[in-house]
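Just below is one structure, and these are the notes that go with it.
2 protein chains.
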Amino acid sequence: MALIVHKYGGTSMGSTERIRNVAKRVAKWARAGHQMVVVPSAMSGETNRLLGLAKELSPARSSDALLRELDMLASTGEQVSVGLLAIALQAEGLEAVSYAGWQVPVRTNSAYTKARIESIEDKKVRADLAAGKVVVITGFQGVDEKGNITTLGRGGSDTSAVAVAAAMQAAECLIYTDVDGVYTTDPRVVPEARRLSSVSFEEMLEMASMGSKVLQIRSVEFAGKYRVPLRVLSSFTPWDIPIEEEAHSGTLITFEEDEQMEQAVVSGIAFNRDEAKISVLGVPDKPGIAYTILGAVADANIEVDVIIQNISKDGKTDFSFTVHRNDYARTVDLLKTKVLPSLGTDQIEGDTRICKVSIVGIGMRSHVGIASKMFRALSEEGINIQMISTSEIKTSVVIDEKYMELAVRALHRAFDLDQPES
Amino acid sequence: MALIVHKYGGTSMGSTERIRNVAKRVAKWARAGHQMVVVPSAMSGETNRLLGLAKELSPARSSDALLRELDMLASTGEQVSVGLLAIALQAEGLEAVSYAGWQVPVRTNSAYTKARIESIEDKKVRADLAAGKVVVITGFQGVDEKGNITTLGRGGSDTSAVAVAAAMQAAECLIYTDVDGVYTTDPRVVPEARRLSSVSFEEMLEMASMGSKVLQIRSVEFAGKYRVPLRVLSSFTPWDIPIEEEAHSGTLITFEEDEQMEQAVVSGIAFNRDEAKISVLGVPDKPGIAYTILGAVADANIEVDVIIQNISKDGKTDFSFTVHRNDYARTVDLLKTKVLPSLGTDQIEGDTRICKVSIVGIGMRSHVGIASKMFRALSEEGINIQMISTSEIKTSVVIDEKYMELAVRALHRAFDLDQPES
Numbered sequence: 001m002a003l004i005v006h007k008y009g010g011t012s013m014g015s016t017e018r019i020r021n022v023a024k025r026v027a028k029w030a031r032a033g034h035q036m037v038v039v040p041s042a043m044s045g046e047t048n049r050l051l052g053l054a055k056e057l058s059p060a061r062s063s064d065a066l067l068r069e070l071d072m073l074a075s076t077g078e079q080v081s082v083g084l085l086a087i088a089l090q091a092e093g094l095e096a097v098s099y100a101g102w103q104v105p106v107r108t109n110s111a112y113t114k115a116r117i118e119s120i121e122d123k124k125v126r127a128d129l130a131a132g133k134v135v136v137i138t139g140f141q142g143v144d145e146k147g148n149i150t151t152l153g154r155g156g157s158d159t160s161a162v163a164v165a166a167a168m169q170a171a172e173c174l175i176y177t178d179v180d181g182v183y184t185t186d187p188r189v190v191p192e193a194r195r196l197s198s199v200s201f202e203e204m205l206e207m208a209s210m211g212s213k214v215l216q217i218r219s220v221e222f223a224g225k226y227r228v229p230l231r232v233l234s235s236f237t238p239w240d241i242p243i244e245e246e247a248h249s250g251t252l253i254t255f256e257e258d259e260q261m262e263q264a265v266v267s268g269i270a271f272n273r274d275e276a277k278i279s280v281l282g283v284p285d286k287p288g289i290a291y292t293i294l295g296a297v298a299d300a301n302i303e304v305d306v307i308i309q310n311i312s313k314d315g316k317t318d319f320s321f322t323v324h325r326n327d328y329a330r331t332v333d334l335l336k337t338k339v340l341p342s343l344g345t346d347q348i349e350g351d352t353r354i355c356k357v358s359i360v361g362i363g364m365r366s367h368v369g370i371a372s373k374m375f376r377a378l379s380e381e382g383i384n385i386q387m388i389s390t391s392e393i394k395t396s397v398v399i400d401e402k403y404m405e406l407a408v409r410a411l412h413r414a415f416d417l418d419q420p421e422s
Numbered sequence: 001m002a003l004i005v006h007k008y009g010g011t012s013m014g015s016t017e018r019i020r021n022v023a024k025r026v027a028k029w030a031r032a033g034h035q036m037v038v039v040p041s042a043m044s045g046e047t048n049r050l051l052g053l054a055k056e057l058s059p060a061r062s063s064d065a066l067l068r069e070l071d072m073l074a075s076t077g078e079q080v081s082v083g084l085l086a087i088a089l090q091a092e093g094l095e096a097v098s099y100a101g102w103q104v105p106v107r108t109n110s111a112y113t114k115a116r117i118e119s120i121e122d123k124k125v126r127a128d129l130a131a132g133k134v135v136v137i138t139g140f141q142g143v144d145e146k147g148n149i150t151t152l153g154r155g156g157s158d159t160s161a162v163a164v165a166a167a168m169q170a171a172e173c174l175i176y177t178d179v180d181g182v183y184t185t186d187p188r189v190v191p192e193a194r195r196l197s198s199v200s201f202e203e204m205l206e207m208a209s210m211g212s213k214v215l216q217i218r219s220v221e222f223a224g225k226y227r228v229p230l231r232v233l234s235s236f237t238p239w240d241i242p243i244e245e246e247a248h249s250g251t252l253i254t255f256e257e258d259e260q261m262e263q264a265v266v267s268g269i270a271f272n273r274d275e276a277k278i279s280v281l282g283v284p285d286k287p288g289i290a291y292t293i294l295g296a297v298a299d300a301n302i303e304v305d306v307i308i309q310n311i312s313k314d315g316k317t318d319f320s321f322t323v324h325r326n327d328y329a330r331t332v333d334l335l336k337t338k339v340l341p342s343l344g345t346d347q348i349e350g351d352t353r354i355c356k357v358s359i360v361g362i363g364m365r366s367h368v369g370i371a372s373k374m375f376r377a378l379s380e381e382g383i384n385i386q387m388i389s390t391s392e393i394k395t396s397v398v399i400d401e402k403y404m405e406l407a408v409r410a411l412h413r414a415f416d417l418d419q420p421e422s
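These protein sequence lines are chains C and L, in that order. FYI, UniProt numbering numbers position 102 of the first sequence as 102, with every residue one higher than the one before it. FYI, UniProt numbering numbers position 282 of the second sequence as 282, with every residue one higher than the one before it.
Shown next as structure tokens:
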């Protein structure tokens, strides 16, 4: 018997029939003696419908006052879900009570549409659990100190669930989703991709930031910070599979480096083709260059990912970095008009047809030769590496995007990810 | 310049196009220098949609826990409306802010789905008005002392608007609806029916309780209790009609008996055919008879309207009353099995083909001969009166339902209601 948090996505809540299935699944856990807190998302399509109405009334989205109203509006989607799920749970014969974010309360800062959770009051929820009730809490939303409703941004319900689990010191937070776990890489690219039974939260962070849509990245950060055991599992299994089987399905995201994980050197291959590369050539190699270039980019609110500065030659150096493709043209324009003149160069090169491929693994920390194995595998396929970036648990390369699938498959094989877990 | 409350029904809020029109109308008032508070209903159909989803999940509706969740669910409809309206007002160039019931807060008791407003905190709203903002507040809902969301029952947004107007001591509360005011009687029955420019709240109460759907009866009681000048007017006039014209359109419901009203002896003709008549004959004329009969009926939660006890003859009397037609069979059954045996009679008569027609007028108080004028008009049409009931401002007769339209037309003419207001 333990305190368990379940989170269900919009697809799982998409119809009354599906909500009934969620209720049956939760009831199974409650009847097994667990204290249950459930965090459902809005019914699929509902948030888009609401924001679509807002857009019809006001195409511009700028002022704080407008963002406040968008949160007022969008937060109703989750409130509908908790009400319906509580009703479905009651129909299953359980005692159930729902809370909107402000009722718990889930306290956030006042950054409308992208608020951050600051604290969660657990008193009310604990009292309900002690009274034998299932507690259903809205995801995605909270309340600021002035009593305004806030939302956490897209995918925020994952973060809500993890934050609730942290506040309640839950034994585990189960994220039911439309994939059945975290894979060594995207199975659409590598059919042999294998589901990981567990992955460290640091690896998961790298996977998430590479565009893996399994979990919102902030929820993983939160889980790591508060050491919440997090499990991603399928919401499409029949609700009445044995609870023991369900409890061990999917992928467990852990914060403890156990022995098993040390054995796996590389856990997965991440990739994305959302980036573009920009190189400024022949800039003077003196202090402040990186700041001169990237400071201007940051001031324009453009996010930079990989950054490389080549070795100096004749007092000049080349400086390269990647930005999101959507920001490419704006960044080049900004550099040409505002930055390059002061650097005494007009040499700028760019490429939007690149991709980034990374090997991710917490085991890299204590193993040498991982990067060179990666480079060899790519070399054997005749793939030229344009940029390299390394961190403790990740090695990324930027390559021509036409080689992306080839590179991912080669690396997946080179690191034996198609073999069963030891 | 005054503090004005506007209330808009679900039809007025039925689409983004209509919401934009509401915003333009409110903006007109705000630009004329008024401090504006707006209470919109849920978009038409939304409350039914939400409760329909709940019904799919739980056909039974009994427990307090279930009713709590229905309120959680249904209250989102109005929250969507306030968010959208605030956005539309901002798009019109106004500063606008929306509040859900709990944010104001609108305090109610805990009677889920039929809560009563206990108090409204005006501090936040006053501060916003002072800062030049239009304030948009959800109708239909509030929050109990434990922080649970409550709703006021169908049509509750009227009551919310009046309660807000009372708390803010608004100069006037304007209820925009799909009829353009209160009429001397139903224009579908009497084409000559005339819109009243004003009506006393006591008359309005009698009209409302007779099934006139213009205003929720509790909102009228509230307006009377707190002396809120209330105006019912059309939401279908173009938003850009001159504000002076709009401000004097519709029907004003007042609490002051001004001279003009004293002149109008009868303000309107109300009627309904929802009732059925039951007579118990030959009961002993002794103390406690009324209680014996009606006590049993009340215990079964059946509402009684007109009650008549005829004069005694040979120590026996006849006792008649009306109930709602839906309760007719149950009432007769109850009396036959539980009550009549103890009264020593088995004579019971009933008639479901009756109707009640009433003349309503605050002027009756100081005029004699009104009732007899009513009876003469009916007599001239050959209409037999079965029951009579009088109050200070209303005289009702129960007649055969086939004469209903004839009676209403005759009375409308007899009291000169088809003539222009003096």
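Cβ atoms here follow ideal geometry from the backbone N, Cα and C, with glycine treated the same way. Remember, it's a predicted structure, so these values are computed and weren't measured experimentally.
{"Query": "Are the stretch 44 to 59 of chain C and the stretch 111 to 131 of chain C touching by the rule of at least three beta carbon pairs closer than 8 angstroms?", "Result": "no"}
{"Query": "Can you give me the C-alpha to C-alpha distance between E202 of chain L and G9 of chain L, rounded to a whole angstrom?", "Result": "23 angstroms"}
{"Query": "In this structure, how does DSSP classify Q90 of chain L when only helix, strand and coil are distinguished?", "Result": "helix"}
{"Query": "At which residue ranges does the stretch 287 to 335 of chain C contain complete beta strand (DSSP E) runs of 3 or more residues, listed in the order of the chain?", "Result": "304 to 309, 316 to 324"}
{"Query": "Counting only Cβ pairs nearer than 8 angstroms, list the residues of chain L close to G147 of chain C.", "Result": "Q103"}
{"Query": "Measuring alpha carbon to alpha carbon, tell me which of L:L340, L:I393, L:D285, L:A96 ends up nearest D314 of chain L.", "Result": "L:D285"}
{"Query": "Measuring alpha carbon to alpha carbon, tell me which residue in L:I253, L:S234, L:F255, L:T254 is nearest E245 of chain L.", "Result": "L:S234"}
{"Query": "Could you give the DSSP three-state label for V228 of chain L: helix, strand or coil?", "Result": "coil"}
{"Query": "Please confirm whether D333 of chain L and R194 of chain L have their CB atoms less than 8 angstroms apart.", "Result": "no"}
{"Query": "Along the alpha helix (DSSP H) that carries M404 of chain L, what are the first and last residues, could you check?", "Result": "404 to 414"}
{"Query": "Would you kindly work out how many angstroms separate the C-alpha atoms of S75 of chain L and A54 of chain C, rounded to a whole number?", "Result": "19 angstroms"}
{"Query": "In this structure, does DSSP put L252 of chain L in helix, strand or coil?", "Result": "strand"}
{"Query": "Return the residues of the stretch 1 to 30 of chain C that lie within a Cβ-Cβ distance of less than 7 angstroms from chain L, sorted by chain order.", "Result": "T16, I19, R20"}
{"Query": "Nearest-angstrom Cα distance between D346 of chain C and Y112 of chain C?", "Result": "41 angstroms"}
{"Query": "Taking only runs of the alpha helix (DSSP H) that begin and end inside the stretch 74 to 151 of chain C, which ones reach a length of at least 4 residues, in chain order?", "Result": "123 to 130"}
{"Query": "Below 7 angstroms, is the gap between the Cβ of P242 of chain L and the nearest heavy atom of the ligand PLP?", "Result": "What this structure holds is no ligand at all, so the ligand PLP is not there to describe."}
{"Query": "Where do the N-terminal and C-terminal ends of the beta strand (DSSP E) with I278 of chain L fall, by residue?", "Result": "275 to 284"}
{"Query": "Are the C-beta atoms of E421 of chain C and some chain L residue less than 8 angstroms apart?", "Result": "no"}
{"Query": "Use the C-beta contact count for S119 of chain C: other C-beta atoms within 10 angstroms, 16 or more gives buried, fewer gives exposed.", "Result": "exposed"}
{"Query": "How would you write the range of the alpha helix (DSSP H) that V26 of chain C sits in, first residue to last?", "Result": "16 to 31"}
{"Query": "Taking buried to mean at least 16 other C-beta atoms within 10 Å of its own C-beta, is H412 of chain C buried or exposed?", "Result": "buried"}
{"Query": "Report all residues from its chain with a CB closer than 8 angstroms to the CB of L196 of chain C; omit the five preceding and five following residues, and keep chain order.", "Result": "G181, V182, Y183, T184, T251, S267, G268, E421"}
{"Query": "Inspect the beta-carbon positions of K146 of chain L and N272 of chain L and report whether they are closer than 8 angstroms.", "Result": "no"}
{"Query": "Taking just the CA atoms, how far does V306 of chain C sit from G288 of chain C?", "Result": "18 angstroms"}
{"Query": "Is I175 of chain L closer than 8 angstroms to L89 of chain L when the C-beta atoms are compared?", "Result": "no"}
{"Query": "Which residues does DSSP pair with M364 of chain C in a beta bridge?", "Result": "For M364 of chain C, which the question treats as bridged, DSSP gives no partner whatsoever."}
{"Query": "May I ask you to list the residues that DSSP assigns as paired with M36 of chain L?", "Result": "L:I4"}
{"Query": "By how many angstroms is the C-alpha of I19 of chain C removed from the C-alpha of L57 of chain L?", "Result": "8 angstroms"}
{"Query": "Quick check on G139 of chain C - is its C-beta less than 8 angstroms from some C-beta in chain L?", "Result": "no"}
{"Query": "With C-beta atoms as the reference, is E39 of chain L less than 8 angstroms away from I137 of chain L?", "Result": "Before going further, note that residue 39 of chain L is Val rather than Glu in the sequence given. Yes. Within cutoff."}
{"Query": "Whose CA, out of L:S63, L:G344, L:L84, lies closest to the CA of T292 of chain L?", "Result": "L:G344"}
{"Query": "Is the stretch 347 to 354 of chain C close to the stretch 393 to 409 of chain C, with three or more CB pairs under 8 angstroms?", "Result": "yes"}
{"Query": "Give the DSSP bridge partners of I243 of chain L, in chain order.", "Result": "In the DSSP output, where bridge partners are listed per residue, I243 of chain L has none listed."}
{"Query": "Could you tell me the distance, in whole angstroms, from the CA atom of R330 of chain L to the CA atom of N310 of chain L?", "Result": "24 angstroms"}
{"Query": "For S396 of chain C, list the residues DSSP reports as bridge partners.", "Result": "C:S358, C:S389"}
{"Query": "Taking D327 of chain C as the reference, give the member of C:K316, C:A298, C:L340 with the closest Cα.", "Result": "C:A298"}
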